Amino acid sequence: MAATSLLSSCCMHMGTAPPKMAANYLSSQPFDHLKLRSFGGPESSEKLKLLHKGDEFLCRVAQVERVPSFSVGQKFQLDYVIEAQQFDRDTLGAIFEVARNMENIERSQILKGYLMATLFYEPSTRTRLSFESAMKRLGGEVLTTENAREFSSAAKGETLEDTIRTVEGYSDIIVMRHFESGAAKRAAVTAGIPVINAGDGPGEHPTQALLDVYTIEREIGKLDGIKVGLVGDLANGRTVRSLAYLLAKYKDVKIYFVSPEVVKMKDDIKYYLTSKGVEWEESGDLMEVASKCDVVYQTRIQKERFGERFDLYEEARGKYIVNQDVLNVMQKHAVVMHPLPRLDEITVDVDDDPRAAYFRQAKNGLYIRMALLKVLLLGW
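What follows is the structure, given as structure tokens:
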């Protein structure tokens with residue numbers, strides 16, 4: 001497909017699709033030797049090799065099992081959370097069902113005796129604390145390092161693989177945030193215990209996307225047929241990338257990209273959406289997009305991703321701000337979402353409007369992460 005076809009609004013179907021295989025796990029960018037656990041139990045595993053050729057994925061695997069679609073009493077084994085593409089629609093519904101049950105739990109002992117290690121090589125407030133709160137609310141314990149990049153053996157030059165092999169000896173599950181895109185895949189290949197990607201550089205943030213979609217369903221009441229405006233730093237924002245992957249699972253969704261020129265959504269996401277038949281459009285008019293959308297998903301311009309190019313950061317910052325003027329053109333049922341933290345891209349007077357859903361969104365992160373810990377450690 002010509003690259004130029006990705007640079008305008010489009011909606012089409014590709015003639016080929018990746019085959020389903022164990023855990024329905026296919027990366028948007030191929031990688032070698034991803035460990036997959038079979039349905040027989042956590043002690044058995046296979047090595048999968050993905051080769052990319054044109055628009056098709058060719059698969060070589062020692063043993064391929066047909067993945068059953070989700071139904072009551074028959075759910076595939078979830079062994080890790082690495083990227084949004086690993087989930088299908090039925091699995092998302094199953095996770096959301098568990099999360100709804102978690103909303104009614106204040107304290108439980110179902111994970112008593114389990115230890116979760118949190119390895120955060122980048123700063124975090126909501127993600128780290130919500131995971132730790134989720135584990136403790138379910139009766140488990142937490143081993144944590146807040147700034148592993150500076151206060152762990154990584155500062156001495158230890159490889160990520162060696163760190164993972166060490167930490168898995170102390171814990172039952174690892175939650176990791178890393179500054180390098182693809183680090184979570186490396187950790188999952190290395191570890192013999194479940195790994196959850198809590199954000200890998202500008203790559204992905206799958207648990208954020210899960211809570212985002214969960215929030216949209218709770219706030220809007222549906223996921224099919226919605227219009228979503230993704231606003232802000234779309235080039236560096238791992239949250240919007242993962243969210244776009246998940247929204248592609250639903251029918252008749254339209255996505256608008258609204259961003260400064262220097263942080264436009266990358267072509268790989270546009271290509272993926274096109275291949276899944278999802279309509280998307282780039283726009284420079286936030287007011288017009290906000291008037292059409294069910295969800296305005298605002299993000300901050302990420303200064304830490306610009307390096308020494310402070311001029312580009314200043315060029316992008318402050319161009320698109322959600323304020324009372326934007327609220328005035330939004331539909332009554334629509335909501336404003338934000339993965340947080342925010343700077344000045346949503347004015348504080350928006351907080352009092354019932355359509356400001358971002359703090360409810362953050363709380364939903366607790367329930368989603370409780371659900372993931374339960375499923376990963378105990379099963380469905």
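If you number the sequence shown the way UniProt numbering does, the last residue is 380 and the count never jumps. Ideal placement from N, C-alpha and C gives every residue a C-beta, glycine not left out. Predicted model, so just to flag it, every value in this text is computed and none were measured.
Query raised in the report: Apart from the five residues just before and just after K254, which ones in its own chain have a Cβ nearer than 6 Å to its Cβ?
Result: Taking the sequence shown and counting its residues from 1, the one referred to as residue 254 is at position 254. Once the five neighbours on either side are set aside, the close Cβ partners of K254 are K227 and E279.
Requested in this report: Measure the Cβ-Cβ separation of L78 and A117 and say whether it is below 7 Å.
Outcome: The count along the sequence shown starts at 1 and reaches residue 78 at position 78. The count along the sequence shown starts at 1 and reaches residue 117 at position 117. No. Outside cutoff.
Query raised in the report: How far does the alpha helix (DSSP H) with L246 in it reach, from first residue to last?
Result: By 1-based counting over the sequence shown, the position of residue 246 is 246. Run containing L246: R238 to L247, per the alpha helix (DSSP H) assignment.
Query raised in the report: Where L234 and K266 are concerned, what is the direct C-alpha to C-alpha distance, given to the nearest angstrom?
Result: The residue given as residue 234 occupies position 234 in the sequence shown. The residue given as residue 266 occupies position 266 in the sequence shown. When rounded, the distance between both Cα atoms is 8 Å.
Query raised in the report: What are the complete alpha helix (DSSP H) segments, minimum 4 residues, inside the stretch 79 to 155?
Result: 89 to 102, 126 to 137 and 148 to 151
Query raised in the report: So, helix, strand or coil for V295, using DSSP?
Result: Within the sequence shown, numbered from 1, the residue matching residue 295 stands at position 295. Of the three classes helix, strand and coil, the one that applies to V295 here is strand, per DSSP.
Query - Supposed contact pair K276 and R89 - C-beta distance, whole angstroms, cut 8 Å - result: Within the sequence shown, numbered from 1, the residue matching residue 89 stands at position 89. Within the sequence shown, numbered from 1, the residue matching residue 276 stands at position 276. Contact flag wrong, Cβ pair sits at about 12 Å.
Report task. Answer yes if the stretch 91 to 101 comes into contact with the stretch 351 to 359, meaning at least three C-beta pairs across the two stretches below 8 Å, and no otherwise. Result -> no
Query - Element boundaries [alpha helix (DSSP H), containing N364] - result: Taking the sequence shown and counting its residues from 1, one reaches residue 364 at position 364. It spans Y358 to L378 - the alpha helix (DSSP H) in which N364 sits, taken as one unbroken run.
Query - Own chain partners of L343 with C-beta closer than 7 Å, once the 5 adjacent residues on each side are dropped - result: Counting from 1 along the sequence shown, the entry for residue 343 is found at position 343. Here the set comprises R300.
Query raised in the report: Straight-line CA distance for H338 to V295?
Result: Here the question's residue 338 lines up with position 338 in the sequence shown. Here the question's residue 295 lines up with position 295 in the sequence shown. For H338 and V295, the distance between alpha carbons rounds to 10 Å.
Query raised in the report: Whole beta strand (DSSP E) runs in the stretch 158 to 220 with 3 or more residues, listed along the chain?
Result: 173 to 178 and 195 to 200
Query raised in the report: Quick one, which of T145, I193 and R165 has its alpha-carbon nearest R177's?
Result: Taking the sequence shown and counting its residues from 1, one reaches residue 177 at position 177. Comparing Cα-Cα distances from R177 to each of T145, I193 and R165, the minimum goes to T145.
Query raised in the report: Just reading off the beta strand (DSSP E) that S283 is part of, what are its end residues?
Result: Here residue 283 is taken as the residue at index 283 of the sequence shown, counted from 1. It spans E279 to S283 - the beta strand (DSSP E) in which S283 sits, taken as one unbroken run.
Query raised in the report: From G365 to G199, what distance separates their C-alpha atoms?
Result: Working through the sequence shown from its first residue, we reach residue 365 at position 365. Working through the sequence shown from its first residue, we reach residue 199 at position 199. Going by the C-alpha atoms only, they are around 14 Å apart.
Requested in this report: Determine the extent of the beta strand (DSSP E) in which V258 is found, giving its start and end residues.
Outcome: The sequence position of residue 258 within the sequence shown is 258, counting from 1. Unbroken beta strand (DSSP E) run through V258: K254 to V258.
Query raised in the report: Around the C-beta of F179, are 16 or more other C-beta atoms found within 10 angstroms, so that it is buried, or is it exposed?
Result: Here residue 179 refers to the residue found at position 179 when the sequence shown is read from its first residue. Classification of F179: exposed, given that the 10 Å Cβ count is below 16.
Query raised in the report: Can you tell me the Cα-Cα spacing of E103 and R137, whole angstroms?
Result: The residue you call residue 103 lines up with position 103 of the sequence shown. The residue you call residue 137 lines up with position 137 of the sequence shown. Distance between the alpha carbons of E103 and R137 is about 11 Å.
Query - Candidates L247, T239, G237 and R126, of which the one nearest residue 385 by Cα - result: Given a span of 1 to 380 for the chain in the structure shown, any question on residue 385 remains unanswerable.
Query raised in the report: Going by other Cβ atoms of all chains shown within 10 Å of its Cβ, with 16 needed for buried, is V350 buried or exposed?
Result: For the purposes of this step, residue 350 is identified with residue 350 of the sequence shown, where counting begins at 1. Looking at its Cβ environment, which holds 16 or more other Cβ atoms inside 10 Å, V350 is buried.
Query raised in the report: For I226, does the three-state DSSP call read helix, strand or coil?
Result: Looking up residue 226 in the sequence shown gives position 226. It is coil, neither helix nor strand.
Query raised in the report: Among L286, A244 and A290, which has the Cα closest to the Cα of Y271?
Result: The residue given as residue 271 occupies position 271 in the sequence shown. The candidate whose alpha carbon is nearest that of Y271 is A244.
Query - Exposure label - G169; buried when at least 16 CB within 10 Å - result: Within the sequence shown, the letter at position 169 stands for residue 169. Exposed, since its Cβ has fewer than 16 Cβ neighbours within 10 Å.
Query - Reference N236; option with closest CA among P260, L373 and L273 - result: Walking along the sequence shown from the start, residue 236 turns up at place 236. Measuring from the Cα of N236, the nearest candidate turns out to be P260.
Query raised in the report: In the structure shown, what three-state DSSP assignment does M330 receive?
Result: Walking along the sequence shown from the start, residue 330 turns up at place 330. If DSSP states are grouped into helix, strand and coil, M330 belongs with coil.
Report task. Could you say which of D325, M370 and E217 lies nearest to L129 if we only look at CA atoms? Result -> In the sequence shown, residue 129 corresponds to position 129, counting from 1. It is M370.
Query - Where K276 sits in the DSSP three-state scheme - result: Your numbering for residue 276 matches position 276 in the sequence shown. In the structure shown, K276 sits in a strand (DSSP, three-state: E or B).
**Report entry** DSSP state of M265 mapped onto helix, strand, coil
**Finding:** Residue numbering aside, residue 265 sits at position 265 when the sequence shown is read from its first letter. In this structure, M265 counts as coil in the three-state DSSP scheme.
Requested in this report: Note down the Cα distance separating D162 from I193, rounded to an integer number of angstroms.
Outcome: Here the question's residue 162 lines up with position 162 in the sequence shown. Here the question's residue 193 lines up with position 193 in the sequence shown. Each residue's alpha carbon lies about 14 Å from the other.
Query raised in the report: Which same chain residues, not among the five before or five after C293, have their C-beta less than 7 Å away from its C-beta?
Result: For the purposes of this step, residue 293 is taken as residue 293 along the sequence shown, with counting starting at 1. So the qualifying residues of the chain are K227, V228, G229, Y256 and A334.
Query - Limits of the beta strand (DSSP E) - the one that V335 falls within - result: Start at 1 with the first residue of the sequence shown, and residue 335 comes out as number 335. Taken as a continuous stretch (DSSP letters only), the beta strand (DSSP E) holding V335 covers V335 to M337.
Report task. Going by CA-CA distance only, name the one from E219, Y320 and I321 that's closest to Q361. Result -> Sequence index remark: in the sequence shown, residue 361 carries index 361 (1-based). Of the candidates E219, Y320 and I321, the one whose C-alpha sits nearest the C-alpha of Q361 is E219.
Query - Inter-residue Cα distance where the pair is A209 and L246 - result: Working through the sequence shown from its first residue, we reach residue 209 at position 209. Working through the sequence shown from its first residue, we reach residue 246 at position 246. Roughly 7 Å between the two C-alpha positions.
Query raised in the report: Since A188 contacts Y80 with CB under 8 Å, what's their CB separation in whole angstroms?
Result: Locating residue 188 in the sequence shown gives position 188, where the first residue counts as 1. Locating residue 80 in the sequence shown gives position 80, where the first residue counts as 1. 5 Å between Cβ atoms; contact.
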